[in-house]
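The letter at position 15 of the sequence shown is residue 14 when you use numbering that gives the first Met the number 0, and the numbering goes up by one with no holes.
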Amino acid sequence: MKQVQKGFTLIELMIVVAIIGILAAVAIPAYQDYITKAKVSKVATAVASLQTAIGQFAQDNAGSFSLLTADNWTSLGLSGAPTSTTEVTSISVAAGSAAITANVAAGVAGSACTIVFTPSIGSTSIKWTVATTGTATPCPAPVPAIIAKWN
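Shown next as structure tokens:
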């Protein structure tokens, strides 16, 4: 009596390995982009309270930032500088323009970089323009594409 063998052939196993390889080749970069987007969004969260304080300052000073001095946290109603996070190493505010500069940690985008939030006062609101170009340390891809959606 002939014995019947059970199991998968080598070809079938190689096809399964190839399919897993293709799925991994697509999934891993997508996952890495997702992680970068999440980390970059934490930068916006880190400066959100400061944006609110700057809006209040503008309202209290007739829509002007001329009285604002650099990193004067008490004039913004804050007890001190915003605390550093894993994603943001430091935050500063420019005198007169109220532009917020967030220094981003190297682990967010692959290298340390700078994101600048610049306010422009409208008749009833403040519009924030976010950029990384034109700074001493611009952020590498995909950060510019992510922050472009914030404008």
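Where is the CB? At the ideal position from N, CA and C, for every residue including glycine.
In summary, Thr123 is exposed, with fewer than 16 beta-carbon neighbours lying within 10 Å of its beta-carbon over all protein chains present. Look at Pro118 here: in three-state DSSP terms it is strand.
Contact holds between the stretch 92-112 and the stretch 68-78, because three or more Cβ pairs, one in each stretch, are under 8 Å apart. Using a 10 angstroms sphere on the CB of Val16, the tally of other CB atoms stays under 16, which defines it as exposed. Every unbroken stretch of the alpha helix (DSSP H) spanning 4 or more residues and falling wholly within the stretch 67-150 is given here in chain order: 105-108, 142-147. With a cutoff of 8 Å on beta-carbon distance, Ala101 and Val87 are scored as near each other. Around the Cβ of Leu22, a 10 Å sphere holds fewer than 16 other Cβ atoms; the residue is exposed.
Between Asn60 and Leu75, the alpha-carbon positions lie close to 11 Å from each other. A residue is called buried when at least 16 other Cβ atoms come within 10 angstroms of its Cβ; Val46 meets this threshold and is buried.
8 Å or more divides the Cβ of Ala147 from the Cβ of Thr35. Check the Cα spacing between Val103 and each of Gln2, Pro137, Gln55: the tightest is with Pro137. When only Cα atoms are considered, Ile10 and Phe116 end up about 56 Å apart. Between Thr113 and Thr134, the C-beta gap is smaller than 8 Å, which places the two residues in contact. For the pair Thr8 and Gly106, the Cα-to-Cα distance works out to about 44 Å. When the alpha-carbon of Val129 is set against those of Phe56, Gln31, Trp149, Phe64, the nearest one is in Trp149. Across the set Ser89, Lys38, Thr51, the C-alpha of Thr51 shows the shortest separation from the C-alpha of Ile125.
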